[in-house]
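To start, the structure itself, in structure tokens.
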Amino acid sequence: MKKMRAFSRLQLPSIAQFSDVSRSWQRTFASHAAAQQASEALVYKRHGHYSDVLQLEKVLLPLVGDEDIRIKMLAAPVNPADLNMLQGTYAILPPFPAVGGNEGIGEVLEVGSKVCDAKPGDWVIPVDAGF
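So for the sequence shown, full-length UniProt numbering puts the first residue at 1; every next one is plus one.
Encoded structure:
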């Protein structure tokens, strides 16, 4: 594992490069092996300064369920809430391991069988941060 020494907007697209719009897109790594994809993500397993706790890791992505959408994040901001979550000072904290960020814009790659409001190629803004 390579330890990250910087955290900038230029690195953010890889935070959730291929993700589900549902909250599981950031924090749940499925255990299914068949037809599962992997991606790189900046993961943290404890609180602290971003240069000390973020690690670039290869993670397995959850399979797309009937009501899920897989997106490729194209851009994502770093805001004070993201840094506070890393530091452990935000009011709501995710379970570990965690991948930061809950805002951005992405391109739809795959949709579940019950999804009718989006199709591959659409650009979307995730609106449910899961909090």
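Ideal Cβ positions, reconstructed from N, Cα and C, are used throughout, including at glycine.
Asked: Taking the alpha-carbon positions, what's the His49 to Ile105 distance?; Found: 26 Å
Asked: Ignoring anything shorter than 4 residues, give me the alpha helix (DSSP H) runs that lie fully in the segment 33–70, in order along the chain.; Found: 50–53
Asked: To the nearest angstrom, report how far apart Leu86 and Pro77 are at their CA atoms.; Found: 15 Å
Asked: Reducing DSSP to helix, strand and coil, say where Ala98 ends up.; Found: strand
Asked: Label Ala41 either buried or exposed according to how many other C-beta atoms from any shown protein chain fall within 10 Å of its C-beta, with 16 as the threshold for buried.; Found: buried
Asked: Would you kindly check if the distance between the Cβ of Val43 and the Cβ of Val64 is under 9 Å?; Found: no
Asked: 9 Å is my cut-off, CB to CB: does Leu42 come that close to chain C?; Found: The structure shown has no chain C; it contains just one protein chain.
Asked: Might you give, ordered along the chain, the residues of its own chain that have their beta carbon closer than 7 Å to the beta carbon of Asp82, omitting 5 neighbours on each side?; Found: Gly100, Gly101
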